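With the sequence shown counted from 1, adding 46 to any position gets you the working numbering. By construction, the Cβ of each residue, glycine as well, lies at the ideal position given by its N, Cα and C atoms. Bear in mind the structure is a predicted one, so any value in this text is a computation, not a measurement. One structure below.
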Amino acid sequence: MQVIRELKEFAAPWEAAVLTLGVFDGMHRGHQALIERVQKRSRRDDRARLLVTYHPHPDLVLGKRDGRKGSELFTYEEKISLFEPYNLDAVIFLPFTLELARMTALRYLKDILLSKLHASHIIIGYDQRFGRGRKGDFHFLKTMSRRYDYRVERIAAVRYRGEVVSSSRIRALIREGEMHRANRLLGHDFFVTGIVVRGDRRGRDLGFPTANLLWPESKILPGRGVYTAIAEWNGRRYRAMVNIGTNPTFEESVGYKVEAHLLDFEGDLYG
């Protein structure tokens with residue numbers, strides 16, 4: 047899978063492509079349905095398989111309420127790891143800037159999707175919009191397809207146990223600490239990739255050494271509480287207990303902390 051971060055000097059090695067586009071924060075069941083449709087159409091038509099997304103998250107650039115720090119389900123690097131199993135030919139991370147936000151839907155379609163990426167078939171989610179004023183919806187793409195000779199289709203909302211799957215709903219569940227419900231909508235486990243930093247070492251002194259995780263600034267933090275987890279280190283997996291919150295036992299502790307106690311582990315996790 048090729049990861050493309052800049053299109054200015056990019057020349058597509060394929061003649062035609064089936065692609066989907068969106069923020070893809072979470073790679074949840076709805077996103078998975080989109081990619082599976084891309085795979086199906088690309089096999090039928092012998093076309094390249096592409097996914098077009100953005101970095102940073104558009105809400106961070108546009109200053110929307112839910113775009114505040116600590117709202118992304120997965121970081122840039124974590125997203126790449128989630129895309130890899132789907133055997134896409136390329137994932138394009140368009141740098142999301144105010145200039146891109148002001149680009150008209152027609153220019154976005156012509157300059158990026160058609161001219162640069164050679165889209166012959168565009169597949170979007172039920173609520174996908176792009177371009178200035180969010181004018182680039184399914185109706186727009188359908189109308190333009192007759193002029194520019196490409197196919198377009200829209201995927202209906204995906205429901206799981208009667209509930210519409212959406213990134214905003216998953217964020218709400220995670221903030222409430224409802225991890226099992228969030229994971230069901232994701233279709234995979236919520237996870238974090240981080241660096242272990244030195245804490246106050248009180249856990250080690252008490253006989254229960256903990257790993258203090260440096261949580262990514264942009265990533266959503268689950269609600270305060272104690273969680274069961276699986277920790278992976280050096281290719282091995284360990285059962286773990288994770289505490290998110292403050293240390294009420296020690297009065298001078300301030301701010302939120304993420305501490306993991308790995309069961310049956312001996313060694314040094316720092317770094």
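For this session: Specify, as a first and last residue, the run of the alpha helix (DSSP H) that MET287 falls within.
Result: No alpha helix (DSSP H) holds MET287; the beta strand (DSSP E) holding it covers 282 to 291.
Problem set entry | beta strand (DSSP E) segments (min. 3 residues) lying fully within the segment 182 to 238 | 197 to 201
Exercise. Could you check where the alpha helix (DSSP H) with ILE266 kicks off and where it finishes?
Worked result: No alpha helix (DSSP H) holds ILE266; DSSP gives it neither H nor E.
Exercise. In chain order, which continuous runs of the beta strand (DSSP E) of length 3 or greater are located wholly inside the segment 132 to 156?
Worked result: 136 to 141
Problem set entry | 7 angstroms Cβ shell around ARG175 - same chain, five flanking residues per side excluded | GLY182, ASP183
Exercise. Per DSSP, what kind of secondary structure is GLY179 in: helix, strand or coil?
Worked result: helix
For this session: Give me the Cα-Cα distance between PHE120 and ASP71, rounded to the nearest whole angstrom.
Result: 6 angstroms
Problem set entry | Whole-Å CB distance - HIS167 paired with ARG197, under 8 angstroms assumed | 4 angstroms
Exercise. Is the distance from the Cβ of ALA257 to the Cβ of VAL242 below 9 angstroms?
Worked result: yes
Exercise. Who pairs with THR259 in a beta bridge, going by DSSP?
Worked result: The residue you asked about is not Thr; residue 259 is Leu in the sequence shown. VAL242, per the DSSP bridge assignment.
For this session: Verify whether the separation of the beta carbon atoms of SER88 and VAL64 is less than 9 angstroms.
Result: yes
Exercise. Ends of the beta strand (DSSP E) at GLY271?
Worked result: 271 to 279
Exercise. Which residues mark the beginning and the end of the beta strand (DSSP E) in which TYR100 is found?
Worked result: 94 to 101
Problem set entry | Nearest neighbour of ALA147, chosen from LYS162, TYR100, GLY240, HIS77 [CA to CA] | TYR100
For this session: Determine the burial state of GLY68: buried for a count of at least 16 other Cβ atoms within 10 Å of its Cβ, exposed for fewer.
Result: buried
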